[in-house]
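Numbering (this note's numbering), first residue to last: 400 to 1423.
Think of the CB as a built atom: it goes at the ideal place given N, C-alpha and C, for glycine as much as any other residue.
Have a look at the structure below before the remarks.
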Amino acid sequence: MDKSFDPKAIEAKWYARWEASGAFAPSGSGEPYCILLPPPNVTGTLHMGHGFQHTLMDALIRYHRMRGNDTLWQLGDDHAGIATEMVVTRQLAAQGIARADLNRDQFIERVWQWKRESGDSIEQGIRRIGDSGDWSRAVFTMDPMPSRAVTEAFVRLYEQGLIYRGQKLVNWDPVLKTAISDLEVVSTEEDGFLWSIRYDVIDPRPGEPDHLVVATTRPETMLGDVAVAVHPDDERYTSLVANKRRLRLPLTGREIPVIADDYVDREFGTGAVKVTPAHDFNDYAIWQRHAPSGTFAHLPNNGLLNVFTPSARILHDPDGWVQEDRVSIKNLNYRGDSDTGADIAKTALEAVESALTESPILESIPNQYRGLDRYDARKTVLADLDAQGLLVESKPHKLMVPRGDRTQQVIEPYLTWQWFVKMDGFAKRGLELVESGAVKFVPENWTSTYRHWLSNIQDWCISRQLTWGHRIPAWYDAQGGVHVGRDEAEARALGGLGSEVALTQDHDVLETWFSSALWPFSTMGWPDETAMLERGYDKYLPSSVLVTGFDIIFFWVARMIMLTDHFSGRLPFREVYIHGLVRDKDGQKMSKSKGNVLDPLDLIDGISLDALLAKRTAGLMQPQMAKKIEAATRKEFPDGIPAFGADALRFTFAALAGPGRDIKFDLERCEGYKNFCNKLWNAARFVLMNIEPFSPRERGRGEGPGEAQWAGTNEPSSGATRHLLPEGEGKQPATEAERWILTRLHRTLAEVETQFAAYRFDLIAQALYEFTWNEFCDWFVELAKPALNGNDKGAAESTRRTLLVVLDALLHALHPLIPFVTEEIWHEVAPKLGPSTGLRTGIDGNELLITQAYPLASDFAIDAQAERDIEWLRALLSGVRRIRGEMDIPPGKQIPLLFAAGDASDRPRAQTFSASIAFLARVASQRWLEPAETEPASAIAVIGDMRVLIPLAGLIDLDAERARLKKEISRIESEKKKSEGKLGNANFVANAPAEVVEQERARLNGWSVQLDALRDQALRLATA
RNA sequence: GGGUGCUUAGCUCAGCGGUAGAGCACCGCCUUUACACGGCGAUGGUCGUAGGUUCGAUUCCUACAGCACCCACCA
400 MDKSFDPKAI
410 EAKWYARWEA
420 SGAFAPSGSG
430 EPYCILLPPP
440 NVTGTLHMGH
450 GFQHTLMDAL
460 IRYHRMRGND
470 TLWQLGDDHA
480 GIATEMVVTR
490 QLAAQGIARA
500 DLNRDQFIER
510 VWQWKRESGD
520 SIEQGIRRIG
530 DSGDWSRAVF
540 TMDPMPSRAV
550 TEAFVRLYEQ
560 GLIYRGQKLV
570 NWDPVLKTAI
580 SDLEVVSTEE
590 DGFLWSIRYD
600 VIDPRPGEPD
610 HLVVATTRPE
620 TMLGDVAVAV
630 HPDDERYTSL
640 VANKRRLRLP
650 LTGREIPVIA
660 DDYVDREFGT
670 GAVKVTPAHD
680 FNDYAIWQRH
690 APSGTFAHLP
700 NNGLLNVFTP
710 SARILHDPDG
720 WVQEDRVSIK
730 NLNYRGDSDT
740 GADIAKTALE
750 AVESALTESP
760 ILESIPNQYR
770 GLDRYDARKT
780 VLADLDAQGL
790 LVESKPHKLM
800 VPRGDRTQQV
810 IEPYLTWQWF
820 VKMDGFAKRG
830 LELVESGAVK
840 FVPENWTSTY
850 RHWLSNIQDW
860 CISRQLTWGH
870 RIPAWYDAQG
880 GVHVGRDEAE
890 ARALGGLGSE
900 VALTQDHDVL
910 ETWFSSALWP
920 FSTMGWPDET
930 AMLERGYDKY
940 LPSSVLVTGF
950 DIIFFWVARM
960 IMLTDHFSGR
970 LPFREVYIHG
980 LVRDKDGQKM
990 SKSKGNVLDP
1000 LDLIDGISLD
1010 ALLAKRTAGL
1020 MQPQMAKKIE
1030 AATRKEFPDG
1040 IPAFGADALR
1050 FTFAALAGPG
1060 RDIKFDLERC
1070 EGYKNFCNKL
1080 WNAARFVLMN
1090 IEPFSPRERG
1100 RGEGPGEAQW
1110 AGTNEPSSGA
1120 TRHLLPEGEG
1130 KQPATEAERW
1140 ILTRLHRTLA
1150 EVETQFAAYR
1160 FDLIAQALYE
1170 FTWNEFCDWF
1180 VELAKPALNG
1190 NDKGAAESTR
1200 RTLLVVLDAL
1210 LHALHPLIPF
1220 VTEEIWHEVA
1230 PKLGPSTGLR
1240 TGIDGNELLI
1250 TQAYPLASDF
1260 AIDAQAERDI
1270 EWLRALLSGV
1280 RRIRGEMDIP
1290 PGKQIPLLFA
1300 AGDASDRPRA
1310 QTFSASIAFL
1320 ARVASQRWLE
1330 PAETEPASAI
1340 AVIGDMRVLI
1350 PLAGLIDLDA
1360 ERARLKKEIS
1370 RIESEKKKSE
1380 GKLGNANFVA
1390 NAPAEVVEQE
1400 RARLNGWSVQ
1410 LDALRDQALR
1420 LATA
């Protein structure tokens, strides 16, 4: 083995071998364990969030595979409707192709082309991270199988009356010209104005107000006002309401009523609110309350007066619309399937006209506003109001502005026809499944987030005015009749329509999350029974755990729970592990615009400063940020980023995965864990050197380690797990140190098992790190050195075996976190261990660590006595080393050691470990003082009852030791005092549990013994 | 406006009714034959503030402050 570990050299090799061996596929036996990969969007590249999430999932998958589960990691990717459509449109634009120049089929073909490239790059990234998912089963959401499930689900829901088409106010993105989800709208506080406008009362009566003043942040919408609302108990306005007074709507001259509604806050502004039901969600709600009583019956569309075109211009006549709003029309054009030319224009015009028919108020909109963009219209409206003396006040105002999270455009509430899923029944069931504990959130507190959202849910708008996605399986006849079916023929048949009736399929597609909601069973072949059988529907549904971020609890998790239950009667998964967001080292969200994005592949392979700068400053939305980003990047990474390798990156992610927290990604942690991999590598080198007959010191000395088989005393708890150390092979560990390390291994594995069950990846990493570095390397390997070189041949051979066995178990235990380096080392180690008892053999006949059995705690015996003994030895060696360090005794200098006092166990211990003490503390001689002997002036360490003395004899700086003693004495005095205080408190002794009191007494005793010893020496030093 | 989480060593974070921990950074010594991507040792914290419960609170409760995030219709 090389002297240090080089990740690059091994990663590609092992990934290819794992995959070729079939290790990623389910084994077909054992308890099923399944994780669904949250399918990455085909738009993206892999980011740190993926790296993090994938590391956690792969650790779980590898762990369970090694535990003998029939393990499936269902891979896939997501077509990501809006995001992909935007990316491809932008790309076309860069090639000088207007999206409008392509028809539907052509556009979709371009998306597929792009998907193939992008999908490849994501897949490549996933492989580099080491994901051991089953590629042969990977599914794309637009593939035939999941697409069929989408159609089937839609049709069934429609037949069950759970899907309907309706005209409602939705969040509308005027640039994308599609409805978007509430969840895709982000409200940000922005500076704006609050304008107060005077609406005059028609024919005012004496004693009543002759006008009202309403406040608005969006004056342009007043063209669609249908009323002014006041609070029913507001005495200023009761007579206006009671006497049915009407107001003159400025600029249009329309007459509108004054209505009373509880929604109005009397304290805000003048207590009067303009009501624009087609352009405001609150006003829409008011409209819903008042329309049934006929308040708006005289108005077109019962008062839902839409004044905007789809691109948020004020309505204008159809021809003008076609001319001025070319993009909008073209948008409709290319959505016309493979139609071309005249057909397209005709379809477009018809669409516009029908939109206007639904909101026929064009005549009430004065000419000067028609066709204006919403912000231009605002200016003009305000100027005109001002000129007429109707603008009462303009004052600066902070308001929440809704913006689309994709386009950053201001979102309009917009009246359109859309498809909806009725949510009340689903929500109820979704709540039940979580409240009953059938689905558990980890950490648990996410349950309340889920509950809160489902308790306040609206019907789910599932249609999008996009091209890329699953097309809605609904057809329209010339009369506007709607026919839903699995295909056109079925729709026709169900509607009883002859072949002479012309049908047009709905142009819209389903929002991406609709197909995502079906993922747990659509990936398992549903609804096709043959496919279901093939893909293990019965085995892998429910899946075991969903690993995902909190940001998609609503988008995805809740909907999977509801729809999976509805269609399969099963849970999608039993547990949901919610992890945090990966942020940069200052806690900032990583984003392209901030220029603080890290690419996991750059951490694996390293990247030069120049390449990193180029990456971070290319294609910025705000190019002026480039300078700032460059400066910050140069400062943080003056030499670029070194290659850490996939293992180090994975271990970092695991170690940072504390419960319910975002993680700040710190490169220094990553560096530390690369060192950890190197440490493991070198520990392996040490072990191998010492078991190889050809190692320089071993040459000629004879035999190798023999069969490394050891007797654990406990039965393994699972049949799937091999005995690392089969019983009856007869050989017992020869030394205390071996029994100790095997005990520590037992405890570490028990901890790992517990923490895997709790998804505490940070604690898994910590337990294994500590065992590897602080126990195996720092102590066992060091203790092994004198044993290997000593005269006791049995101890030497036994130690060799134990080194090998513990290393082997450790490689297994670490494999789920750091698969590459452990696999590589294992192939050096395994041949020394004798015949493998792995779970499976790869198809190429070569065994791999990835399919070996995970070691269980019970494979290794506990020896509590050995634990105590080694604890004693460690305390002794630490004590001596501390004196050495503080007294500046040169490390190479051999020193004499005297032991004094002590209890019955100390003498045999000192005897047992004398060689270790001599080697590890560089001790020339060890001797017990006879009871009659007086202690010489010495530096002292107290281990339990025993005193360890290093005689001064010219070795020790007297003043330094006096100072050290003084400090130590005062520290122990204060501890003793605290202890005495506690025990002096009658309440403590009376009320605290007996064992706590007992423990406190023991501590007090310990302090006293130490104090006595230290004081004795202090006295001697005073006179020395 | 409602909700959730966080506040522990210089930094990043574990922990938790009964002796305050880790990694990194910092300081000292050491090229000791696995590893300088290393070894040994040392320093460093009234556990956000104020109350309460308890024999005992960093831990449980209450209030407050600061930070972060989520949800929400105040024109």
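Measure the beta-carbon distance from residue i to residue j and round it to whole angstroms, keeping in mind my assumption that it falls under 8 Å.
{"i": "L1144", "j": "P1132", "result": "The pair is not a contact, with the Cβ atoms about 12 Å apart (cut-off 8 Å)."}
{"i": "P1218", "j": "R461", "result": "6 Å"}
{"i": "K984", "j": "D1065", "result": "5 Å"}
{"i": "L830", "j": "R850", "result": "6 Å"}
{"i": "L1328", "j": "L1364", "result": "With 8 Å as the limit, L1328 and L1364 do not qualify as a contact, their Cβ atoms being about 19 Å apart."}
{"i": "L1148", "j": "L1213", "result": "Incorrect: roughly 11 Å between the Cβ atoms, too far for contact."}
{"i": "T483", "j": "T442", "result": "5 Å"}
{"i": "Q1409", "j": "I1371", "result": "5 Å"}
{"i": "P795", "j": "F592", "result": "6 Å"}
{"i": "A552", "j": "L917", "result": "6 Å"}
To which residues of the same chain is residue i closer than 6 Å at the C-beta, ignoring the five residues directly before and after it?
{"i": "A415", "result": "none"}
{"i": "P437", "result": "T947"}
{"i": "I1040", "result": "D1001, G1005 and I1006"}
{"i": "L997", "result": "M447"}
{"i": "Y774", "result": "none"}
{"i": "W852", "result": "F953"}
{"i": "M822", "result": "I856, D858 and W859"}
{"i": "I1249", "result": "W417 and A422"}
{"i": "E889", "result": "none"}
Keeping to the same chain, check which residues put their C-beta closer than 8 Å to that of residue i; ignore five residues upstream and five downstream.
{"i": "H689", "result": "A626, I658, D660 and F695"}
Beta-carbon within less than 7 Å of residue i's beta-carbon, same chain only, minus the 5 sequence neighbours each way: which residues are those?
{"i": "L781", "result": "W594, P618 and L790"}
{"i": "I1342", "result": "W1271, A1274, L1275 and G1278"}
{"i": "M1020", "result": "S992"}
{"i": "L1418", "result": "none"}
{"i": "D405", "result": "none"}
Pull the bridge partners of residue i from the DSSP assignment, please.
{"i": "P801", "result": "S586"}
{"i": "Q772", "result": "Correcting the residue identity first, residue 772 is Asp in this sequence and not Gln. Per DSSP, R712."}
{"i": "G1039", "result": "P1037"}
{"i": "N440", "result": "D477"}
{"i": "T615", "result": "W594"}
{"i": "F972", "result": "S942"}
{"i": "H882", "result": "W874"}
{"i": "V657", "result": "V627"}
Is the beta carbon of residue i less than 9 Å from the beta carbon of residue j?
{"i": "T675", "j": "T616", "result": "no"}
{"i": "P801", "j": "S710", "result": "no"}
{"i": "A1320", "j": "I1294", "result": "yes"}
{"i": "R464", "j": "S426", "result": "yes"}
{"i": "R863", "j": "L814", "result": "no"}
{"i": "Q1416", "j": "A1336", "result": "yes"}
{"i": "W867", "j": "H478", "result": "yes"}
{"i": "V981", "j": "I1062", "result": "yes"}
{"i": "L1182", "j": "I1261", "result": "no"}
{"i": "R769", "j": "L714", "result": "yes"}
{"i": "L622", "j": "V706", "result": "yes"}
{"i": "F920", "j": "V944", "result": "no"}
Is residue i a contact residue of the ligand ADP, with contact defined as CB to any heavy atom under 8 Å?
{"i": "V672", "result": "Within the structure as shown, the ligand ADP is missing, as the structure has no ligands at all."}
**Report entry** Inside the segment 448-517 only - beta strand (DSSP E) runs reaching at least 3 residues
**Finding:** 469-476
Query - In chain order, each alpha helix (DSSP H) run of at least 4 residues that lies wholly inside the segment 1149-1178 - result: 1160-1169
Query - Runs of alpha helix (DSSP H) lying entirely within the segment 1235-1294, each at least 4 residues, in chain order - result: 1263-1286
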